[in-house]
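Residue numbers (the UniProt record's numbering): 1 to 189.
(1) Which term fits residue 58, buried or exposed, when burial requires 16 or more other beta carbons within 10 angstroms of its beta carbon?
(2) So, is residue 185 buried or exposed, given that buried needs 16 or more other C-beta atoms within 10 angstroms?
(3) Which runs of the alpha helix (DSSP H), 4 residues or longer, sit entirely within the region 69-156?
(4) Residue 173 to residue 154, Cα distance in whole Å?
(5) Can you tell me where the alpha helix (DSSP H) holding residue 22 begins and where it ends?
(6) Hey, how far is the Cα of residue 87 from the Cα of residue 171?
(7) Looking at the structure shown, is residue 180 part of a helix, part of a strand, or coil, going by DSSP?
(8) For residue 159 and residue 168, what's the separation of their Cα atoms in angstroms?
(9) Which runs of the alpha helix (DSSP H) at least 4 residues long sit entirely within the region 25-73? Give them in chain order.
(10) Might you give, ordered along the chain, the residues of its own chain that have their beta carbon closer than 7 Å to the beta carbon of residue 78, omitting 5 neighbours on each side?
(11) Pick out whichever of 74, 32, 48 has its Cα sitting closest to the Cα of residue 121.
(12) With a threshold of 8 Å (Cβ to nearest heavy atom), would residue 71 be considered close to the ligand SAM?
(13) Hey, how far is the Cα of residue 7 from the Cα of residue 13?
(14) Quick one: what's got a C-beta closer than 7 Å to residue 190's C-beta in the same chain, skipping five residues either side?
(15) I need the straight-line Cα distance from residue 113 to residue 44, nearest angstrom please.
(16) Going by CA-CA distance only, name the one from 54, 65, 2, 42 that's closest to residue 99.
(17) Closest to residue 72 by C-alpha separation, out of 84, 54, 83, 92, would be which residue?
(18) Compute the Euclidean distance between the alpha carbons of residue 55 and residue 20, then round it to the nearest angstrom.
(19) So for residue 175, helix, strand or coil by DSSP?
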């Protein structure tokens, strides 16, 4: 493929994804057909199928693009900095509640769980192993799972919607649990 063809293909994919992201702001993912996305992008439905042969391939890329729009912070290099990370994370989630809501739809949520959420869990295991080398693998994995849950849009959403907490109280509540997990690791389990 020539450079010009590659640029055109990248432009078309971006156009399709931008159209889908716009539609996601106003409609349910389940109602987002190739026809609707192509009409919004001013391209043919056939072009959509050229770039996304299946709805799954389309939704996989849409999930990754929406997740990237959240601009979530990277994990810190030291576990003791997770409190500050938690503040940044919850602020980013709070800034874009509609994108979070869209990612929670049944069409996308499993994709998030098997990609970005799983990656974050594995990163946490590595971080905790480095920060607490004296702890057992079992303890590290359990702590990483618990902390991963607190460092998720699910927990943020739970605090904000189920309890009606403001952002500050949500962060403080989450930080209590992260701090307790880290204290337990520090004490050796």
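Where is the CB? At the ideal position from N, CA and C, for every residue including glycine.
In short, the structure shows the following:
(1) With 16 or more other Cβ atoms within 10 Å, it is buried.
(2) By the 10 Å Cβ count, residue 185 comes out buried.
(3) List check, alpha helix (DSSP H) in window: 82-95, 97-103, 106-114, 116-131, 137-150.
(4) In a straight line, the C-alpha of residue 173 is about 14 Å away from that of residue 154.
(5) Per DSSP, residue 22 belongs to the alpha helix (DSSP H) from 3-24.
(6) Taking the straight line joining both Cα atoms gives about 6 Å.
(7) It is helical.
(8) One C-alpha to the other measures close to 10 Å.
(9) Listed in chain order, the alpha helix (DSSP H) elements of length 4 or more contained wholly in the region 25-73 are 34-41, 45-51, 55-69.
(10) Cβ neighbours of residue 78 within its own chain (closer than 7 Å, five residues either side excluded): 131.
(11) Nearest of 74, 32, 48 to residue 121, Cα basis: 74.
(12) This structure does not include the ligand SAM; it has no bound ligands of any sort.
(13) So the two alpha carbons sit approximately 10 Å from each other.
(14) Here the chain has residues from 1 to 189 only, and residue 190 is not among them.
(15) In a straight line, the C-alpha of residue 113 is about 32 Å away from that of residue 44.
(16) For residue 99, the nearest C-alpha among the options comes from 65.
(17) Comparing Cα positions, the closest option is 92.
(18) Their backbone Cα atoms lie some 12 Å apart in a straight line.
(19) In the structure shown, the three-state DSSP call for residue 175 is helix.
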